[in-house]
Amino acid sequence: MNPIAILTIAFAAPLVSCVSYHEPIDNRGFASAETPKRCSAPIANLIASGSSGVQWSDAERELYHLIMKHREDDGLPAIPLSKSLSLVAKVHVRDLETNTVAAPYNLHSWSGNGPWRSVNYTPDHRHARLMWSKPRELTKYNGNGYEIVYMNSGSATPADAFATWKASELHHEVLDNRNGWRRIKWQAIGVGIAGRYAVAWFGQESDPDNS
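Using the working numbering, the final residue of the sequence shown is 255, and nothing's skipped along the way.
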(Lines of atoms letter the chains of each structure in order from A and count residues from 1; the text may use other names and numbers.)
(Lines give C-alpha, C1' and ligand atoms only; values in the text may rest on other atoms or scores of the structure.)
Protein backbone atom coordinates (compact mmCIF):
# COMPACT_ATOMS: atom_id res chain seq x y z
CA MET A 1 0.00 0.00 0.00
CA ASN A 2 1.16 3.48 -0.73
CA PRO A 3 0.35 6.15 1.87
CA ILE A 4 -1.25 9.39 0.79
CA ALA A 5 -0.57 12.54 2.73
CA ILE A 6 -3.17 14.29 4.81
CA LEU A 7 -4.60 17.71 5.22
CA THR A 8 -5.48 20.01 8.09
CA ILE A 9 -7.60 23.13 7.78
CA ALA A 10 -7.72 25.15 10.98
CA PHE A 11 -9.97 28.13 11.47
CA ALA A 12 -11.33 28.83 14.91
CA ALA A 13 -13.23 25.57 14.50
CA PRO A 14 -12.24 21.89 14.80
CA LEU A 15 -9.70 20.68 12.26
CA VAL A 16 -10.68 18.66 9.24
CA SER A 17 -8.44 15.76 8.23
CA CYS A 18 -8.48 13.20 5.48
CA VAL A 19 -6.30 10.17 4.89
CA SER A 20 -6.16 7.13 2.66
CA TYR A 21 -3.62 4.39 2.13
CA HIS A 22 -4.99 3.18 -1.20
CA GLU A 23 -3.55 3.55 -4.66
CA PRO A 24 -5.03 6.54 -6.49
CA ILE A 25 -7.61 5.62 -9.09
CA ASP A 26 -6.23 7.59 -11.99
CA ASN A 27 -3.88 10.36 -12.94
CA ARG A 28 -6.18 12.78 -14.75
CA GLY A 29 -6.80 15.50 -12.18
CA PHE A 30 -5.43 18.39 -14.14
CA ALA A 31 -6.80 21.84 -13.40
CA SER A 32 -7.90 23.72 -16.49
CA ALA A 33 -5.98 26.99 -16.75
CA GLU A 34 -7.76 29.68 -18.72
CA THR A 35 -4.78 32.02 -18.68
CA PRO A 36 -1.12 31.42 -19.52
CA LYS A 37 1.02 30.08 -16.68
CA ARG A 38 2.40 33.01 -14.73
CA CYS A 39 4.21 32.70 -11.43
CA SER A 40 3.88 35.30 -8.75
CA ALA A 41 7.12 37.16 -8.09
CA PRO A 42 7.92 35.25 -4.84
CA ILE A 43 7.41 31.90 -6.58
CA ALA A 44 9.41 32.96 -9.64
CA ASN A 45 12.28 34.03 -7.39
CA LEU A 46 12.24 30.74 -5.49
CA ILE A 47 12.27 28.69 -8.68
CA ALA A 48 15.02 30.82 -10.19
CA SER A 49 17.20 30.27 -7.11
CA GLY A 50 16.57 26.52 -7.12
CA SER A 51 17.09 24.10 -4.26
CA SER A 52 20.66 25.23 -3.72
CA GLY A 53 19.41 28.73 -2.96
CA VAL A 54 16.87 27.69 -0.34
CA GLN A 55 17.00 29.66 2.88
CA TRP A 56 14.69 29.06 5.80
CA SER A 57 12.86 31.75 7.72
CA ASP A 58 12.97 31.76 11.51
CA ALA A 59 9.39 30.44 11.52
CA GLU A 60 10.25 27.57 9.19
CA ARG A 61 13.27 26.59 11.28
CA GLU A 62 11.10 26.69 14.38
CA LEU A 63 8.56 24.39 12.77
CA TYR A 64 11.31 21.94 11.81
CA HIS A 65 12.76 21.96 15.33
CA LEU A 66 9.32 21.43 16.90
CA ILE A 67 8.82 18.32 14.75
CA MET A 68 12.31 17.00 15.51
CA LYS A 69 11.97 17.62 19.25
CA HIS A 70 8.70 15.70 19.18
CA ARG A 71 10.36 12.78 17.42
CA GLU A 72 13.28 12.86 19.83
CA ASP A 73 10.89 12.75 22.80
CA ASP A 74 9.26 9.70 21.23
CA GLY A 75 12.61 7.96 20.74
CA LEU A 76 12.70 8.48 16.98
CA PRO A 77 15.65 9.69 14.86
CA ALA A 78 15.84 13.17 13.42
CA ILE A 79 14.96 13.66 9.76
CA PRO A 80 17.45 15.68 7.68
CA LEU A 81 16.07 19.05 6.62
CA SER A 82 15.86 18.88 2.84
CA LYS A 83 16.55 21.78 0.52
CA SER A 84 14.58 20.16 -2.30
CA LEU A 85 11.49 19.32 -0.27
CA SER A 86 11.65 22.73 1.37
CA LEU A 87 11.65 24.37 -2.05
CA VAL A 88 8.50 22.40 -2.91
CA ALA A 89 6.97 23.38 0.43
CA LYS A 90 7.82 27.06 0.01
CA VAL A 91 6.44 27.14 -3.52
CA HIS A 92 3.23 25.37 -2.51
CA VAL A 93 2.34 27.64 0.40
CA ARG A 94 2.80 30.65 -1.87
CA ASP A 95 0.75 29.05 -4.62
CA LEU A 96 -2.02 28.37 -2.09
CA GLU A 97 -1.82 31.92 -0.80
CA THR A 98 -1.99 33.40 -4.29
CA ASN A 99 -4.52 31.09 -5.96
CA THR A 100 -7.77 30.18 -4.23
CA VAL A 101 -8.62 26.48 -4.14
CA ALA A 102 -12.30 26.11 -4.98
CA ALA A 103 -14.60 23.48 -3.49
CA PRO A 104 -14.79 20.53 -3.70
CA TYR A 105 -11.00 20.41 -4.11
CA ASN A 106 -8.64 20.45 -1.13
CA LEU A 107 -5.34 22.10 -0.30
CA HIS A 108 -3.18 19.43 -1.93
CA SER A 109 -4.24 21.15 -5.17
CA TRP A 110 -1.81 23.14 -7.31
CA SER A 111 -2.84 25.95 -9.63
CA GLY A 112 -2.03 26.23 -13.33
CA ASN A 113 0.17 29.28 -12.66
CA GLY A 114 3.61 27.77 -12.54
CA PRO A 115 6.09 25.32 -14.13
CA TRP A 116 4.45 22.24 -12.64
CA ARG A 117 1.56 19.90 -13.46
CA SER A 118 -1.56 21.52 -12.09
CA VAL A 119 -4.02 19.40 -10.16
CA ASN A 120 -7.51 19.66 -8.71
CA TYR A 121 -7.06 17.39 -5.69
CA THR A 122 -10.27 15.60 -4.69
CA PRO A 123 -11.08 14.19 -1.24
CA ASP A 124 -10.99 10.61 -2.57
CA HIS A 125 -7.26 11.02 -3.39
CA ARG A 126 -7.96 10.07 -6.99
CA HIS A 127 -5.14 12.30 -8.21
CA ALA A 128 -2.58 11.65 -5.49
CA ARG A 129 0.24 10.87 -7.90
CA LEU A 130 0.07 14.43 -9.21
CA MET A 131 0.89 15.59 -5.69
CA TRP A 132 3.50 12.91 -4.98
CA SER A 133 5.42 13.90 -8.10
CA LYS A 134 5.94 17.57 -7.24
CA PRO A 135 9.51 17.12 -5.91
CA ARG A 136 10.54 15.54 -9.22
CA GLU A 137 8.82 18.29 -11.19
CA LEU A 138 10.54 21.14 -9.35
CA THR A 139 13.85 19.67 -8.11
CA LYS A 140 16.39 16.88 -8.56
CA TYR A 141 14.72 14.86 -5.81
CA ASN A 142 13.71 11.55 -7.43
CA GLY A 143 11.41 10.13 -4.79
CA ASN A 144 7.79 10.78 -3.98
CA GLY A 145 6.81 13.56 -1.59
CA TYR A 146 4.03 13.25 0.99
CA GLU A 147 2.47 16.41 2.36
CA ILE A 148 0.61 17.55 5.45
CA VAL A 149 -1.07 20.96 5.29
CA TYR A 150 -2.24 23.46 7.89
CA MET A 151 -4.39 26.51 7.21
CA ASN A 152 -5.39 29.27 9.60
CA SER A 153 -7.96 31.94 8.84
CA GLY A 154 -5.53 34.56 10.15
CA SER A 155 -1.87 33.63 9.79
CA ALA A 156 -0.07 30.35 10.26
CA THR A 157 2.47 30.03 13.06
CA PRO A 158 4.88 27.15 13.74
CA ALA A 159 3.38 26.48 17.17
CA ASP A 160 -0.19 26.38 15.91
CA ALA A 161 0.63 24.19 12.91
CA PHE A 162 2.60 21.71 14.99
CA ALA A 163 0.04 21.63 17.82
CA THR A 164 -2.77 20.97 15.35
CA TRP A 165 -0.88 18.15 13.62
CA LYS A 166 0.09 16.62 16.97
CA ALA A 167 -3.51 16.75 18.21
CA SER A 168 -4.76 14.93 15.11
CA GLU A 169 -4.25 11.18 15.32
CA LEU A 170 -3.90 10.89 11.54
CA HIS A 171 -1.21 13.57 11.38
CA HIS A 172 0.51 12.21 14.47
CA GLU A 173 0.93 8.92 12.65
CA VAL A 174 2.86 10.65 9.87
CA LEU A 175 5.09 12.53 12.33
CA ASP A 176 5.86 9.32 14.26
CA ASN A 177 5.80 6.71 11.47
CA ARG A 178 2.97 4.79 13.10
CA ASN A 179 0.25 2.49 11.76
CA GLY A 180 0.10 2.85 7.95
CA TRP A 181 3.44 4.69 7.97
CA ARG A 182 5.32 2.27 10.26
CA ARG A 183 7.32 0.57 7.50
CA ILE A 184 8.57 3.89 6.18
CA LYS A 185 11.80 5.57 7.26
CA TRP A 186 11.81 9.28 6.48
CA GLN A 187 15.12 10.39 4.97
CA ALA A 188 14.13 13.96 4.14
CA ILE A 189 11.69 16.62 5.30
CA GLY A 190 10.87 20.04 3.90
CA VAL A 191 8.94 22.86 5.54
CA GLY A 192 7.29 26.04 4.31
CA ILE A 193 5.24 28.79 5.95
CA ALA A 194 3.65 31.77 4.23
CA GLY A 195 0.55 33.76 5.08
CA ARG A 196 -2.25 31.46 6.22
CA TYR A 197 -0.49 28.22 5.30
CA ALA A 198 2.12 25.86 6.70
CA VAL A 199 3.15 22.58 5.10
CA ALA A 200 5.60 19.79 5.73
CA TRP A 201 6.77 17.40 3.03
CA PHE A 202 8.21 13.97 3.84
CA GLY A 203 10.32 11.71 1.62
CA GLN A 204 11.82 8.22 1.84
CA GLU A 205 14.93 9.07 -0.21
CA SER A 206 17.86 11.25 0.80
CA ASP A 207 18.07 14.64 -0.86
CA PRO A 208 20.93 14.84 -3.42
CA ASP A 209 21.02 18.63 -2.98
CA ASN A 210 21.96 18.22 0.68
CA SER A 211 25.29 16.59 -0.12
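Positions of the beta carbon are idealized from the N, C-alpha and C atoms, including for glycine. Every value quoted in this text rests on a predicted model; they were computed, and no experiment measured them.
Does the Cβ-Cβ distance between residue i and residue j come in under 7 Å?
i	j	result
GLY156	TRP245	no
TYR108	LEU120	no
VAL163	TRP176	no
PRO179	SER128	yes
ALA242	ALA205	yes
MET112	ALA103	no
ASP251	TYR149	no
GLY187	GLY247	yes
LEU151	VAL193	yes
TRP160	GLU191	no
What does DSSP give as the partner residues of residue i in its beta bridges?
i	result
MET195	TYR241
PHE246	TYR190, ILE233
VAL163	TRP154
Following the continuous alpha helix (DSSP H) through residue i, name the residue where it begins and the one where it ends.
i	result
ALA205	202-211
SER153	SER153 -> no alpha helix (DSSP H), and no H or E assigned at all.
ALA256	With the chain covering 45 to 255 only, the question about residue 256 has no answer from this structure.
LYS178	178-182
At the 7 Å Cβ level, is residue i part of the contact set with chain C, yes or no?
i	result
HIS171	Absence of chain C from the displayed structure is noted, only one protein chain being present.
Report task. Entirely within the segment 95-141 and at least 4 residues each: give me those alpha helix (DSSP H) ranges in chain order. Result -> 102-117
Report task. Tell me, please, whether the segment 200-214 touches the segment 231-250 by the rule of three or more beta-carbon pairs shorter than 8 Å. Result -> yes
Requested in this report: Decide yes or no for the touch test of the segment 208-222 against the segment 94-103: beta carbon pairs closer than 8 Å, at least 3 of them.
Outcome: With a cut-off of 8 Å on Cβ pairs, the segment 208-222 is not in contact with the segment 94-103, counting fewer than three such pairs.
Query raised in the report: Are the segment 81-92 and the segment 134-142 touching by the rule of at least three beta carbon pairs closer than 8 Å?
Result: yes
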